[in-house]
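> All residue numbers for the sequence shown refer to our numbering, where the first residue is 1 and numbers rise by one. Every residue, glycine too, gets a C-beta built ideally from N, C-alpha and C. This one's a predicted model, so the numbers in the text were calculated from it and none came from an experiment. Just passing along the structure, written as structure tokens.
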Amino acid sequence: MATILMVVSAADSLTLADGSSHPTGYWAEEVAVSHRVLREAGVDVDIATPGGARPTADPVSLDERSGASEESAAEFRAYLDSLAGELAKPLALADVTAADYDGVYIPGGHGPMEDLAHDADLGRLLSAFDRDGKVVAALCHGPAGVLSASGASGESRDTGAGFVFSGRRLTVFTDEEERGGGLGEVVPYFVESRLRDLGAVIDSGPAWQPRVVVDGNLITGQNPQSSAETAGAVVEALKERGAA
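Right, dumping it as structure tokens:
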């Protein structure tokens, strides 16, 4: 049976461009739907965060403010309640070994921009997963976590030197979506633009429409609407590799 490491942001706020703090966390739909699809396919899922800290759901993602229907939002909350024990005591990224997993999956919310983008332990794991040809998946703002894979110590994230995923094709919550339905110009950086600057090849689709991009072992989804399809693509990739 395949086992996936789901890396969830432990940040409960995002430092905005003006230095103020905005409440955030992980996006409920992305964790709940992705986890459910993987679990229903028979994939074991371990949840990990920086420091093993308990993650916080973005409050906006828990109700209709997220753009989901009242019924869907209730389903997300109920599923997350079923994961209460796992979310209360996640693994610490520093204690995780890539060899124990068939792949990694990073859901979004604005939280990853605050902590996962700079997490050295995540960078170590992503580099190992990619080197071994294992599945590396990220959804919506989750690709902010990919920024941590900067390569050898001392190489510059700003110039893209040593960025593990330079030249790779991926999708991400777009600058258009950030401006139109995200936090807009107050974000500390736009994830799409940052990845593009580091050499990633952005392959985005229409705003708010499901889109999944597969480039070898790298699987990315553009937005919350892509949650089920992204997790489904991971299941298919695991099957192709004989892991599920």
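(1) Taking buried to mean at least 16 other C-beta atoms within 10 Å of its own C-beta, is A11 buried or exposed?
(2) In this structure, how does DSSP classify S166 when only helix, strand and coil are distinguished?
(3) With burial defined as no fewer than 16 other Cβ atoms inside 10 Å of the residue's Cβ, what is the status of E40: buried or exposed?
(4) Give the straight-line distance between the Cα atoms of I202 and R179, rounded to the nearest whole angstrom.
(5) Helix or strand or just coil, what does DSSP make of Y105?
(6) From T159 to S82, what distance separates their C-alpha atoms?
(7) For T49, which beta-bridge partners are listed by DSSP?
(8) In angstroms, rounded to a whole number, what distance separates the CA positions of A68 and F163?
(9) Taking C-beta to C-beta, are D63 and T24 nearer than 8 Å?
(10) Could you have a look at D44 and say whether DSSP puts it in helix, strand or coil?
(11) Pick from D102, V214, V213, A28: whose alpha carbon is nearest that of R131?
(12) The alpha helix (DSSP H) that contains V234, what's its start and end?
(13) Can we say the stretch 214-223 touches the stretch 231-238, given the rule of at least three CB pairs closer than 8 Å?
(14) What distance in whole Å lies between the Cβ atoms of L139 and S226, which are believed to be in contact at a cut-off of 8 Å?
(15) Go ahead and pull the three-state DSSP assignment for S21.
(16) Considering only the alpha carbon of each residue, which of L195, V187, A99 lies closest to H22?
Per the coordinate set shown:
(1) buried
(2) coil
(3) Here E40 is exposed: its Cβ has fewer than 16 other Cβ atoms, across all protein chains shown, within 10 Å.
(4) 17 Å
(5) It is a strand residue.
(6) Below a pLDDT of 50, predicted positions are generally treated as unreliable, and T159, at 45, falls in that range; the measurement from the model is reported next regardless. Each residue's Cα considered, the two are about 43 Å apart.
(7) A92
(8) 35 Å
(9) no
(10) strand
(11) D102
(12) 227-240
(13) yes
(14) 6 Å
(15) Look at S21 here: in three-state DSSP terms it is strand.
(16) Its Cα nearest to that of H22, the residue V187 stands out among L195, V187, A99.
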